[in-house]
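S.K.: Going by my numbering, the sequence shown opens with residue 1, and the numbers climb by one from there.
Every residue, glycine too, gets a C-beta built ideally from N, C-alpha and C.
First, the structure itself, so that you have it in front of you.
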Amino acid sequence: MNKSNLLVVSALFALSACSTVNQTVVTESLDLVGNKEAVEKYWVVERKVAPEYPLAAGKNGISGCVEFKLLIDGDGKPQNLTVIKSFPGSTFNKKAYEAMRKWQWTPAASNTQKQPVLTTIQLDFTTQKSVNHAEAYAACKI
Numbered sequence: 001m002n003k004s005n006l007l008v009v010s011a012l013f014a015l016s017a018c019s020t021v022n023q024t025v026v027t028e029s030l031d032l033v034g035n036k037e038a039v040e041k042y043w044v045v046e047r048k049v050a051p052e053y054p055l056a057a058g059k060n061g062i063s064g065c066v067e068f069k070l071l072i073d074g075d076g077k078p079q080n081l082t083v084i085k086s087f088p089g090s091t092f093n094k095k096a097y098e099a100m101r102k103w104q105w106t107p108a109a110s111n112t113q114k115q116p117v118l119t120t121i122q123l124d125f126t127t128q129k130s131v132n133h134a135e136a137y138a139a140c141k142i
């Protein structure tokens with residue numbers, strides 16, 4: 001490579017290194033656990049998937065719930081799903097998890113930065129002939 005070409009390439013490299021991009025990248029999530037109204041200012045549910053009722057629980061008339069703590073990421077997808085409440089025991093955890101991971105959100109009009117948020121969501125499992133209605137109601141606030 002001759003000296004003039006080397007000088008041009010070096011100048012272009014130096015200029016490209018000096019350019020800046022006015023783009024804000026959101027890396028921190030906003031903790032909105034316990035404030036569902038605030039979550040709706042950032043994200044709107046686009047796709048809500050109802051969980052399947054576990055066959056054994058349905059046959060036995062068992063009602064209950066699973067509450068998750070989760071991150072709605074910048075793409076509107078649920079991440080870091082963690083069970084924080086489950087009644088009775090882990091009866092409904094698997095079906096609740098399978099449904100919850102399919103949910104999708106779109107950013108609210110004011111959320112142009114696609115701010116990730118932490119929130120909680122409870123999925124309820126109820127049957128008309130529940131043998132544990134009072135207990136499920138008390139544990140899950142159904």
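Three or more C-beta pairs under 8 Å: does that hold for the stretch 56–71 against the stretch 80–87?
M.R.: The stretch 56–71 is in contact with the stretch 80–87.
S.K.: Nearest to threonine 91 by CA position, among Trp105, Ile62, Lys36 and Gln104, is which residue?
M.R.: With distances taken between Cα atoms, threonine 91 lies closest to Ile62.
S.K.: Kindly list the residues whose CB is nearer than 8 Å to the CB of glutamine 23, restricted to its own chain and excluding five residues on each side of it in sequence; keep chain order.
M.R.: Here the model assigns glutamine 23 a pLDDT of 45, short of 50, so the residue's position is not dependable and the matter cannot be decided.
S.K.: Can you grab the Cα-Cα spacing for the pair leucine 55 / lysine 95, in whole Å?
M.R.: If I take the Cα positions, the gap works out to 11 Å.
S.K.: Pick out the complete alpha helix (DSSP H) segments inside the stretch 31–102, 4 residues or longer, and give them in chain order.
M.R.: Here the runs fully enclosed are 36–39, 55–59 and 93–100.
S.K.: Closest by CA to glycine 89, which one among Leu118, Lys129 and Glu135?
M.R.: Of Leu118, Lys129 and Glu135, the residue nearest in Cα terms is Glu135.
S.K.: Within a Cβ cutoff of 8 Å, which residues of the same chain sit near lysine 41, ignoring the five residues on either side of it in sequence?
M.R.: The answer, listed in chain order, is Ala108, Ser110 and Asn111.
S.K.: Span of the beta strand (DSSP E) holding valine 131?
M.R.: Here valine 131 belongs to no beta strand (DSSP E), and DSSP marks it neither H nor E.
S.K.: Under 7 Å Cβ to Cβ from phenylalanine 87, same chain only, skipping five residues before and after it: list those, please.
M.R.: Only Gly64, Cys65, Ala136, Ala139 and Cys140 meet the Cβ criterion.
S.K.: To the nearest angstrom, report how far apart cysteine 18 and arginine 101 are at their CA atoms.
M.R.: In this prediction, cysteine 18 scores a pLDDT of 45, lower than 50, which makes its location untrustworthy; no coordinate-derived value is stated.
S.K.: So which of Ala99, Leu30, Asn132 and Thr127 has the shortest CA-CA distance to lysine 48?
M.R.: Here the closest residue by C-alpha is Ala99.
S.K.: With DSSP as the reference, please indicate the residues paired to isoleucine 121 in a beta bridge.
M.R.: Note: isoleucine 121 sits in a beta bridge opposite Phe68.
S.K.: With distances taken from CA atoms, which of Thr127, Thr120 and Asp75 is nearest asparagine 35?
M.R.: Measuring from the Cα of asparagine 35, the nearest candidate turns out to be Thr120.
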